[in-house]
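Just below is one structure, and these are the notes that go with it.
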Amino acid sequence: MSAKIIDGNAIGKAIREELRAEVALLEAKGVVPGLTFVLVGENPASQVYVRMKGKAADELKVRSDTISLSADTPEAELLALLDRLNADVTVHGILVQLPLPKHLNAGRVINRMDPAKDVDGFHPVNVGKLVMGDRSAYRPCTPAGVLELLVRSGIDPRGQHAVVVGRSMIVGRPVANLLLQDAPGGNATVTVCHTKTKDLARHTREADILVVAAGRPEVITGDMIRPGAVVIDVGVNRITDPASQSGYRLVGDVKFSEASEVAGFITPVPGGVGPMTIAMLMRNTVQAARQAA
Ligand code: NAP
């Protein structure tokens with residue numbers, strides 16, 4: 013392997029350590045950052061994610077609680093709960109774990125949150141501010157984590173050609189916007205690819221920085237990467253693996269064994285972008301508490 017590994021576990025830990033000092037400062041002013049998770053239904057993956065986020069909060073002395081609602085909760089009830097959380101001064105951040113059961117309109121639910129408490133950064137006000145380059149916005153956690161990985165690895169996107177594979181509202185679009193902003197960590201020339209892109213490999217081979225968020229296991233192979241490029245793999249896919257004890261293993265959207273022979277820098281899966289998402293959530297929550305203090 014020739015590529016340098018970008019270690020998301022280590023970078024995420026460093027960020028959480030920095031936040032610990034900020035939490036202590038807030039505590040000295042009598043402010044304990046508070047984060048409330050809203051979990052609707054019993055999606056096992058969502059339950060795991062909320063538990064992991066809650067554990068990270070505990071470690072940081074961020075107060076967190078989870079409000080679990082049954083899968084058939086009427087939308088009006090969920091919206092009324094958000095109204096109560098919006099009005100509760102001890103709640104600085106609200107996170108409605110997605111996906112929601114089908115009968116609930118995720119757009120309406122996210123819109124109901126106070127943008128000042130939207131630590132996931134999905135409310136249209138925060139999305140708009142991000143696009144406009146307004147730094148008071150909460151940046152969505154995974155895209156912000158991607159940028160932080162670059163910056164803290166000494167990789168400056170300025171003037172580089174960044175190619176983003178994926179245009180979801182959760183990852184691809186905000187990553188592209190952050191890379192495009194006229195600010196540190198930005199100033200790249202950005203190409204965004206999706207399923208209608210013709211000849212994906214032609215674009216990915218031109219990338220100095222390649223961010224892949226396609227949700228397709230190992231769709232980016234070694235021959236699609238320019239030698240020396242920086243490869244950030246956002247994908248997390250569970251594939252069957254009879255050789256593993258659990259019967260499955262996690263892979264990214266990039267074929268790591270090939271890509272790591274060609275790239276200059278690469279994130280592993282797991283241990284790359286994943287730990288950054290939680291670190292950025294903690295950062296947004298501390299920011300929310302600071303702004304409310
Ligand atoms: P998504 O909503 O399914 O979006 C995938 C995007 O990739 C779409 O824009 C799609 O294009 C594009 N795409 C799919 N296949 C493609 C192909 N063969 N060529 C070019 N573009 C293609 O997924 P997401 O929510 O953005 O998540 C992406 C991946 O990141 C998933 O594996 C997810 O599990 C992972 N993820 C990880 C974290 C983390 O914390 N590590 C957080 C969030 C997501 P169209 O728009 O044309 O359909």
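Residue 13 is where the sequence shown starts when you use my numbering, and the numbers rise one by one after that. C-beta atoms are modelled at their ideal positions from N, C-alpha and C, and glycine is treated no differently.
Practice prompt. Starting from F277, follow its DSSP beta bridges and name the residues at the other end.
Written response: K16 and V242
Discussion item. Within 8 angstroms of any Cβ in chain C, is that where the Cβ of L159 sits?
Written reply: The chain inventory of the structure shown lacks chain C, comprising one protein chain alone.
Fill in: Other residues of its chain near G20: CB distance less than 7 angstroms, five sequence neighbours each side excluded
L161, T279, G283, G284, V285, G286, P287 and M288
Worksheet item: What is the rounded straight-line gap between the Cα of L116 and the Cα of A213?
Response: 38 angstroms
Worksheet item: Can you tell which of G259, R295, A255 and M236 has its C-alpha closest to the C-alpha of K267?
Response: Closest by alpha carbon: M236.
Fill in: Straight-line gap, S180 to H135 (C-alpha atoms, nearest Å)
15 angstroms
Worksheet item: With respect to the alpha helix (DSSP H) encompassing Y61, which residues constitute its N-terminal and C-terminal limits?
Response: From DSSP, the alpha helix (DSSP H) with Y61 extends over P56 to L72.
Worksheet item: Straight-line CA distance for V50 to V108?
Response: 5 angstroms
Worksheet item: If you compare alpha carbons, which of K210, V248 and P111 is closest to A225?
Response: V248
Worksheet item: In the region 191-273, which residue ranges form an unbroken alpha helix (DSSP H) of at least 4 residues, counting only runs that do not cross its ends?
Response: 212-216
Worksheet entry | Supposed contact pair G198 and L190 - C-beta distance, whole angstroms, cut 8 angstroms | 6 angstroms
Worksheet item: Who are the Cβ neighbours of N98 in its own chain at under 6 angstroms, not counting the five residues just before and after it?
Response: D126
Worksheet item: Across which residues does DSSP place I320 in a beta bridge pair?
Response: Coverage of the chain is limited to positions 13 through 305, which leaves residue 320 absent and any answer about it impossible.
Worksheet item: Can we count A174 as close to the ligand NAP, meaning its CB is less than 7 angstroms from some heavy atom?
Response: no
Fill in: Under the three-state DSSP convention, the category L107 falls into
strand
Discussion item. Using C-beta distances below 7 angstroms, list every residue in its chain close to T85, excluding the 5 sequence neighbours before and after it, in chain order.
Written reply: V52
Fill in: Beta-ladder partner(s) of H135, from DSSP
BP columns for H135 are empty, so no partner.
Worksheet item: Thinking just about the alpha-carbon of each residue, which of V223, A118 and G105 is nearest to the one in Q172?
Response: V223
Practice prompt. Using DSSP bridges, identify the partner residues of V175.
Written response: T203 and L222
Worksheet item: If you run the structure through DSSP and keep just helix, strand and coil, what is D126?
Response: coil
Item to complete: Along the alpha helix (DSSP H) that carries N117, what are the first and last residues, could you check?
Response: That residue, N117, is in no alpha helix (DSSP H); it is neither H nor E in DSSP.
Item to complete: Measure the C-alpha to C-alpha separation of N55 and A69 and round it to an integer number of angstroms.
Response: C-alpha separation (whole angstroms): 21 angstroms.
Item to complete: Starting from P287, trace the alpha helix (DSSP H) both ways and give me its first and last residue.
Response: G286 to A304
Worksheet item: If you measure from the CB of A57, is any heavy atom of the ligand NAP nearer than 7 angstroms?
Response: Checking every heavy atom of the ligand NAP against the Cβ of A57, none is found closer than 7 angstroms.
Practice prompt. Assign L37 to one of two classes, buried (16 or more other C-beta atoms within 10 Å of its C-beta) or exposed (fewer than that).
Written response: exposed
Worksheet item: Which of the three DSSP states, helix, strand or coil, is assigned to D95?
Response: Here D95 sits in helix by DSSP.
Worksheet item: By Cβ distance, which residues of its chain are closer than 6 angstroms to A149, with the 5 residues on each side in sequence left out?
Response: Here the set comprises N138, K141 and L142.
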